[in-house]
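Here's the structure, in structure tokens; my notes come after.
In my numbering, the protein residues as written are 45 to 291.
What follows is the structure, given as structure tokens:
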């Protein structure tokens, strides 16, 4: 192995170790906050009852938590990019204990030039909270809400989909199949399961595929623009959408 390769490997290894240490420190501070919410973690301020990242935290991020509710996380990682997803995630938060969202655009960059896309960015406030939360509950679900445009899809199935559900890989659990069937039955929409009905927008490169705790179940939920527009103007439809996910 020549010297250039050795130096490159050492730089990458050091960077990975530093990133892991930063994430662990952030996770630890959020774990303390979950046990005592009077102790506001470093890099955060309390605004309207939520933890909101200060400028000192490159990733940004906003964390809502309440003691009551199902042990689940409603998560809108692209609030400025996927229109209406935050509003939909907030409605789902009525059923869940946690709401997570970004406060910086997905194309923003950190000090190292990495894009702060919460679906791919490892050292984020959202990931730290997910890891912290995992130690406070027996098991939980993560519902990550995304948006897509039908006309941009590359397959006929994708162009006809209203929702594409996955767990970040091609193998769907019975629970994902049940959620899809509930959405079909209760909302009268075309809910497809990645790996079975459609082979795009499966979230296969999502950071939670490797980072999600073992006591969690990750659901990657892609909503068409048309469905998002229907959900935000129809409270009954939005409520049923939330119930299909969490029941």
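We put the CB at the ideal spot given by N, CA and C, even for glycine.
C-alpha distance - residue i paired with residue j, whole-angstrom precision
{"i": "residue 136", "j": "residue 118", "result": "6 Å"}
{"i": "residue 109", "j": "residue 286", "result": "17 Å"}
{"i": "residue 8", "j": "residue 163", "result": "Past the edges of the chain, shown from 45 to 291, lies residue 8, and the structure says nothing about it."}
{"i": "residue 99", "j": "residue 170", "result": "16 Å"}
{"i": "residue 88", "j": "residue 241", "result": "42 Å"}
{"i": "residue 53", "j": "residue 172", "result": "In this prediction, residue 53 has a pLDDT of 37, which is less than 50 and means its spatial position is unreliable; what the coordinates show is noted afterwards. So the alpha carbons of these two residues sit roughly 26 Å apart."}
{"i": "residue 284", "j": "residue 85", "result": "35 Å"}
{"i": "residue 155", "j": "residue 63", "result": "12 Å"}
{"i": "residue 50", "j": "residue 103", "result": "Confidence in residue 50 is poor, its pLDDT being 41 and thus under 50, which makes the residue's placement unreliable; the coordinate value appears in the next sentence. So the alpha carbons of these two residues sit roughly 30 Å apart."}
{"i": "residue 58", "j": "residue 157", "result": "Note that residue 58 scores 41 on pLDDT, short of 50, meaning its location in the model is unreliable; the coordinates nonetheless yield the value given after this. Cα to Cα, the separation comes out at about 17 Å."}
Other residues of its chain near residue i: CB distance less than 6 Å, five sequence neighbours each side excluded
{"i": "residue 228", "result": "235"}
{"i": "residue 251", "result": "164, 166"}
{"i": "residue 224", "result": "209, 235, 237"}
{"i": "residue 182", "result": "none"}
{"i": "residue 226", "result": "288"}
Beta-carbon contacts of residue i that lie in its chain and below 8 Å, excluding the five residues immediately before and after
{"i": "residue 83", "result": "76, 77"}
{"i": "residue 239", "result": "210, 213, 214, 215, 216, 246"}
{"i": "residue 220", "result": "209, 210, 211, 237, 263"}
{"i": "residue 186", "result": "116, 117, 119, 174, 252, 256, 260, 261, 262, 263"}
Residues that residue i bridges to, as DSSP identifies them
{"i": "residue 143", "result": "108, 118"}
{"i": "residue 90", "result": "95"}
{"i": "residue 159", "result": "153"}
{"i": "residue 238", "result": "242"}
{"i": "residue 190", "result": "266"}
{"i": "residue 255", "result": "None; residue 255 has no bridge partner."}
Residue i - DSSP class collapsed to helix/strand/coil
{"i": "residue 228", "result": "helix"}
{"i": "residue 266", "result": "strand"}
{"i": "residue 292", "result": "As shown, the chain starts at 45 and ends at 291. That puts residue 292 outside it, with no answer to give."}
{"i": "residue 202", "result": "helix"}
{"i": "residue 183", "result": "coil"}
{"i": "residue 54", "result": "Low per-residue confidence applies at residue 54: pLDDT is 37, beneath 50, and the placement is therefore not dependable enough to give any value."}
{"i": "residue 101", "result": "coil"}
{"i": "residue 82", "result": "coil"}
{"i": "residue 260", "result": "strand"}
{"i": "residue 138", "result": "coil"}
{"i": "residue 210", "result": "strand"}
{"i": "residue 164", "result": "coil"}
Beta-carbon proximity list for residue i, same chain, < 7 Å, skipping 5 on both sides
{"i": "residue 134", "result": "143"}
{"i": "residue 244", "result": "197, 198, 199, 202"}
Q: Could you tell me whether the segment 145-152 touches the segment 110-126, where touching means 3 or more Cβ pairs closer than 8 Å?
A: yes
(Q) With three or more C-beta pairs closer than 8 Å as the rule, is the segment 191-198 touching the segment 166-177? (A) no
**Q.** Three CB pairs or more closer than 8 Å across the segment 202-212 and the segment 86-103
**A.** no
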